[in-house]
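Residue numbers are given in my numbering: position 162 of the sequence shown equals residue 162, and the series is strictly consecutive. Right, one structure below, let's go through it.
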Amino acid sequence: MRRYLLIEEFTCQECHGSGWVQHPLWARYWEANPGGGLTVEEDQTWFREQGEYTPPHLIPEEEPCVECEGAGKIRREVDLVTALVAIGLLYAVPITPLVGEERPASVYVTAQQISAAIAAAVTSIKSYRELSAAYVAQTVWGRVQQPHLPLHSESGQDAWNAFQDALLERTP
Ligand SMILES: [Zn+2]
């Protein structure tokens, strides 16, 4: 088996890219003493009472972020298909398996394949389903432009199912 992997890099959500986070004890300190204003001795006493006084200095208020190990960004391997879906060059079309049938959870298609499938769906869906076919085209194109929008309503779901069937017939 051969896999193609890419490196995904993104800003750490924990430290927002700075690589540093506030020590939790300091967060408690500011909660307990809003506005500060304590003397050095009072500060030392407060930290000593928490069991965290490290003479002659208080523990640093900021410490390296554990999530990104202080780098401010996180890098990880992702497979090529996941990356292409994330940047919108491929679309993951969820597939509802029929009873007793093994199908993949989703198929990956390009915008061109979607376009072809819509055309096929519109021409193959007859009379009483014409309205639904038009809905399919409209809905799918909406998703092509805004792929993260969820589908709403039962008729939307029916149209989506019809679209999937049309698409599956043409997806190797
Ligand atoms: Zn971080």
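Glycine is no exception: its CB is placed at the ideal position from the N, C-alpha and C atoms. What you are looking at is a predicted structure, and each value in this text was computed from that prediction instead of being measured.
Looking at C-alpha atoms only, which residue of L80, I87 and R48 is the closest neighbour of R2?
To locate residue 2, count along the sequence shown from 1; it is residue 2. Here the closest residue by C-alpha is L80.
Within the same chain, show all residues whose beta-carbon is closer than 6 Å to that of Y4, passing over the 5 residues directly before and after it, in chain order.
If you number the sequence shown from 1, residue 4 lands on position 4. Closer than 6 Å at the Cβ level, and outside the excluded window around Y4, lie L80.
In whole angstroms, give me the CA-to-CA distance for I74 and V21.
Numbered from its first residue, the sequence shown carries residue 74 at position 74. Numbered from its first residue, the sequence shown carries residue 21 at position 21. Rounded to the nearest angstrom, the two C-alpha atoms are 15 Å apart.
Tell me whether F47 is buried or exposed, calling it buried when 16 or more other Cβ atoms sit within 10 Å of its Cβ.
Here the question's residue 47 lines up with position 47 in the sequence shown. Buried, by the Cβ-count rule.
In angstroms, rounded to a whole number, what distance separates the CA positions of R76 and E8?
Working through the sequence shown from its first residue, we reach residue 76 at position 76. Working through the sequence shown from its first residue, we reach residue 8 at position 8. If you take the alpha carbons of R76 and E8, they lie about 5 Å apart.
Cα separation between V69 and I59?
Taking the sequence shown and counting its residues from 1, the one referred to as residue 69 is at position 69. Taking the sequence shown and counting its residues from 1, the one referred to as residue 59 is at position 59. One detail in the question is off: residue 69 reads as Glu in this sequence, not Val. The alpha-carbon atoms of E69 and I59 are separated by roughly 19 Å.
Take the Cβ of L89 as the centre, count every other Cβ of all protein chains shown within 10 Å, and call the residue buried at 16 or more, exposed below.
Sequence index remark: in the sequence shown, residue 89 carries index 89 (1-based). L89 should be labelled exposed.
Would you kindly check if the distance between the Cβ of E49 and the Cβ of L25 is under 8 Å?
For the purposes of this step, residue 25 is taken as residue 25 along the sequence shown, with counting starting at 1. For the purposes of this step, residue 49 is taken as residue 49 along the sequence shown, with counting starting at 1. Not a contact, by the Cβ cut-off of 8 Å.
Note the first and the last residue of the continuous beta strand (DSSP E) segment covering E9.
On the sequence shown, position 9 is the one that residue 9 refers to. Per DSSP, E9 belongs to the beta strand (DSSP E) from L5 to T11.
What first and last residue would you give for the beta strand (DSSP E) that runs through R76?
Start at 1 with the first residue of the sequence shown, and residue 76 comes out as number 76. Unbroken beta strand (DSSP E) run through R76: K73 to D79.
Can you give me the Cβ contacts of L38 inside the same chain, cut-off strictly under 8 Å, excluding the 5 residues immediately before and after it?
What you label residue 38 is simply residue 38 of the sequence shown in a count that begins at 1. The residues are W46.
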